[in-house]
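The structure appears right after this line, and notes come after that.
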Amino acid sequence: MYFDSHAHYNDERFDEDRDALLKDIHEKGVGYIINVGADMPSSRESIVLAEEYPFIYAVVGVHPHEVDEMTLTDLEELEEMTMHPKVVGIGEIGLDFYYNHSTEENQLKWFKMQLELAKKLDLPVSIHSRDACQLTFDTIVASGVKEGVIHCFSGSHELAKEYVKRGFYIGIGGSLTFKNARKAVEVVEHIPLDKILIETDCPYLTPVPHRGKRNDSSYLSYVIQKIAEIKGITEEEVAKVTMENTKRLFRIEK
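Position 14, counted from 1, in the sequence shown is what the working numbering calls 0; the numbers after and before it change by one each time, with no gaps.
Put into structure tokens, the structure is as follows:
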């Protein structure tokens, strides 16, 4: 069974068949899913999904693209959301300088404040980082947060090792199967399996051979297959260890 550590089933692309898809997901090898918020509405929706499906857990937070609209009231609401028994982390939070949907100043401000919230509540974080690798790392280190996953990791294997030294996990998804995935392959080669989480980021980042279609958790099989190939181990071992890793990080005991 697989544990999808990062999904967005609240996305409108699932509106037509969400329930049918999720009701059949166990038959496709998926045991658990973390549904991750990207703004206040999707964080609320993640909790609704976690209430409806026993195998879904919620992570709540505001993505760097959305922080220009964020307020202190939102931060207070996020803290209230974490009181829900199925909320297991803060995210996805971080820095994204590839796009300019939010100012760099606001991104850094709200990243720091959401990290402070995670530290205060002793919750792991799900980190989004694009074109801001070193600043993301430095900000996390300065915050004192010691648990989390760098979702869809796009940095060097050297940086991945620095995160692992500090207790973080590395999120590996469909982009590992892409032709230009040299850096991701190097990360998988250099990072121990017990520090890797698998993810879809669905409906995005669909792995080869389904690239371009809507992603879902059943396609984790392609990510697992690629990790097993790179590390020279069985797919069963990859599935088992990454399941254990995700449960450990998010303190899920079932």
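The beta-carbon is built from N, C-alpha and C at its ideal position, and this holds for glycine as well.
Beta carbon of residue i nearer than 9 Å to that of residue j
i           : j           : result
residue 184 : residue -9  : yes
residue 189 : residue 200 : yes
residue 79  : residue 51  : no
residue 263 : residue 75  : Any property of residue 263 remains undetermined from this structure, which presents the chain solely from -13 to 240.
residue 160 : residue 208 : yes
residue 204 : residue 72  : no
residue 133 : residue 153 : yes
residue 241 : residue 61  : Because the chain in this structure spans residues -13 to 240, residue 241 falls outside the shown range and cannot be described.
Which of helix, strand or coil DSSP assigns to residue i
i           : result
residue 205 : helix
residue 117 : coil
residue 78  : strand
residue 131 : coil
residue 124 : helix
residue -11 : strand
residue 97  : helix
residue 183 : strand
residue 33  : helix
residue 42  : strand
residue 86  : coil
residue 112 : strand
residue 219 : coil
residue 177 : coil
Pairwise C-alpha distance: residue j and residue i
i           : j           : result
residue 222 : residue 56  : 42 Å
residue 59  : residue 70  : 18 Å
residue 41  : residue 18  : 5 Å
residue 147 : residue 29  : 30 Å
residue 235 : residue 109 : 9 Å
residue 20  : residue -7  : 6 Å
residue 26  : residue 6   : 26 Å
residue 196 : residue 166 : 16 Å
residue 23  : residue 218 : 34 Å
residue 249 : residue 32  : Limits of the chain in this structure are -13 at one end and 240 at the other, which puts residue 249 out of reach.
residue 117 : residue 39  : 35 Å
residue 137 : residue 100 : 16 Å
residue 158 : residue 114 : 13 Å
residue 229 : residue 135 : 14 Å
Residue from the options whose Cα sits closest to the Cα of residue i
i           : options               : result
residue 54  : 94, 40 and 32         : 94
residue 144 : 171, 11 and 17        : 171
residue 202 : 187, 100 and 211      : 187
residue 216 : 173, 198, 91 and 191  : 173
residue 244 : 237, 198, 179 and 240 : There is no way to answer for residue 244, as the model of the chain reaches only from -13 to 240.
residue 129 : 96, -3 and 36         : 96
residue 119 : 149, 198 and 100      : 149
residue 182 : 198, 139 and 88       : 139
residue 142 : 163, 191, 124 and 169 : 169
residue 151 : 86, 10 and 123        : 123
CB-CB length for residue i against residue j, believed under 8 Å
i           : j           : result
residue 46  : residue 64  : 6 Å
residue -11 : residue 220 : Their Cβ separation, rounded to whole angstroms, is 17 Å, which puts residue -11 and residue 220 out of contact at 8 Å.
residue 156 : residue 177 : 5 Å
residue 43  : residue 238 : 6 Å
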